[in-house]
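Structure, as structure tokens:
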Amino acid sequence: MEVICLQDEAFYLLIEEVVDRLKEKKNITQDKWVSPDRAMEILNIKSKTTLQKLRDEGSITFTQPQKKIILYDYDSIMKYLNNHTKKSF
Numbered sequence: 070m071e072v073i074c075l076q077d078e079a080f081y082l083l084i085e086e087v088v089d090r091l092k093e094k095k096n097i098t099q100d101k102w103v104s105p106d107r108a109m110e111i112l113n114i115k116s117k118t119t120l121q122k123l124r125d126e127g128s129i130t131f132t133q134p135q136k137k138i139i140l141y142d143y144d145s146i147m148k149y150l151n152n153h154t155k156k157s158f
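Residue numbers (our numbering): 70 to 158.
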């Protein structure tokens, strides 16, 4: 058996590269579920309370696979943004 040792940074870079290659191979451009921080970044909001309000109102779809883990549906976030698009005059 051959054992390969990597420093933490090299290991995580390798993992990221593998994930990127798999996404490229499967034609995946965006994750289906995003973290609360990523959802807030996409929506350009700073408050977790605002994110919770959108969730509670049913404006964006979410899943809660574990008690303290909440993930948001990327497509519903984009739909929410598109529904609130204003056309210029």
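No residue lacks a Cβ here, since even glycine has one placed at the ideal position from N, Cα and C.
Next on the checklist: Let me check one thing: in DSSP terms, what residues is Phe131 bridge-paired to?
Outcome noted: Indexing the sequence shown from 1 puts residue 131 at position 62. Under DSSP, Phe131 takes part in a beta bridge, and its partners are Tyr141.
Item to check | Distance, Tyr143 Cα to His153 Cα | outcome: Position 84 of the sequence shown, counted from the start, is the residue given in the question as residue 153. Position 74 of the sequence shown, counted from the start, is the residue given in the question as residue 143. Going from the Cα of His153 to the Cα of Tyr143 covers about 16 Å.
Item to check | Contacts around Ile139, its chain only, beta-carbon distance under 7 Å, and the 5 residues preceding and following it disregarded | outcome: In the sequence shown, the residue the question calls residue 139 occupies position 70. The residues are Pro105, Phe131 and Gln133.
Next on the checklist: If we define contact as Cβ-Cβ less than 8 Å, is Glu126 a contact residue for chain C?
Outcome noted: Judged by its chain identifiers, the structure shown contains no chain C, having just a single protein chain.
Next on the checklist: Based on DSSP bridge pairs, tell me the residues matched to Val87.
Outcome noted: Residue mapping note: residue 87 aligns to position 18 of the sequence shown, counting from 1. Residue pairing from DSSP leaves Val87 without any beta-bridge partner.
Checklist entry - Applying the criterion that 16 or more other CB atoms from any shown protein chain within 10 Å of the CB defines a buried residue, is Ala108 buried or exposed? => result In the sequence shown, residue 108 corresponds to position 39, counting from 1. When all chains shown are included, Ala108 counts as buried.
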